[in-house]
Amino acid sequence: MASEAEAAAAAVASPPLCASTDAKSFLELISSKFEWGDLSDDIVMDIGCGNPKIKFCDLLLGLFPKVKKVIAIDKKSHLIAYIKCGKKDPKIDFEYGDIEDRSTLENWEGKISKVVSSHCFHQLKDHELAFKNVYNLLKPGGEAALLFCLQSGYVGWHVDLVNDPKWNRYYNASIHLWFIQI
670 MASEAEAAAA
680 AVASPPLCAS
690 TDAKSFLELI
700 SSKFEWGDLS
710 DDIVMDIGCG
720 NPKIKFCDLL
730 LGLFPKVKKV
740 IAIDKKSHLI
750 AYIKCGKKDP
760 KIDFEYGDIE
770 DRSTLENWEG
780 KISKVVSSHC
790 FHQLKDHELA
800 FKNVYNLLKP
810 GGEAALLFCL
820 QSGYVGWHVD
830 LVNDPKWNRY
840 YNASIHLWFI
850 QI
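Take 670 as the starting number for the sequence shown in my numbering and just add one per residue.
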């Protein structure tokens with residue numbers, strides 16, 4: 670029988686697939702598991718592209734340089750405007766779109782081959798609606814791969830503080846706390 674130390678070492682040596690939250694590793698994983706090939710015939714949508722420091726679209730293009738088109742959406746129009754200023758690759762279109770508001774997505778319904786999203790869905794209020802909208806975006810045979818946090822000590826800690834009368838007064842009421850308990 671393996672000791673606790675040996676079991677821990679084995680777990681670290683071969684972590685479960687869900688352990689990786691790194692965007693590049695996520696893209697490599699879905700490429701391999703879904704056997705995506707070069708995506709030269711595919712339109713890919715990146716949901717929640719907003720943070721220009723993450724550059725998920727650049728990682729996507731690095732892994733799939735022959736992709737037909739990437740449509741990167743975010744519901745924060747100021748971030749889209751900022752990203753468009755530095756846009757370099759003609760294969761990427763940065764557009765306003767809110768995965769929780771179907772009216773902002775209608776132009777792409779049934780036209781998207783692949784939907785990807787990294788670290789966005791845990792910030793949403795209506796997960797069911799968001800998943801329905803992803804489904805509506807996909808053309809027949811399309812695929813979606815979403816990386817998001819289901820449970821986190823960090824998130825739980827913030828929720829506990831917000832709900833504790835002793836500490837919640839230190840949270841600015843105008844700030845939307847996006848942590849959601851599932």
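Think of the CB as a built atom: it goes at the ideal place given N, C-alpha and C, for glycine as much as any other residue.
Counting C-beta pairs closer than 8 Å gives three or more between the stretch 805-820 and the stretch 771-778, which meets the contact rule. Using a Cβ distance threshold of 8 Å, F725 and S787 count as a contacting pair. A Cβ-Cβ separation of about 5 Å places F763 in contact with A741 under the 8 Å criterion. Per DSSP, V785 is one residue of the beta strand (DSSP E) stretching across 781-787.
Under DSSP, the beta-bridge partners assigned to K738 are I712. Taking the CA atoms as reference points, L730 sits about 23 Å from L774. Pairing C818 with H796 gives a Cβ-Cβ distance that is not under 8 Å.
Apart from the 5 residues on each side of it in sequence, S782 sits with its Cβ closer than 7 Å to the Cβ of D711, I712, V713, K808, G811 in its chain, given in chain order. DSSP places Y765 in the uninterrupted beta strand (DSSP E) bounded by 761-765.
Per DSSP, K753 is one residue of the alpha helix (DSSP H) stretching across 746-754.
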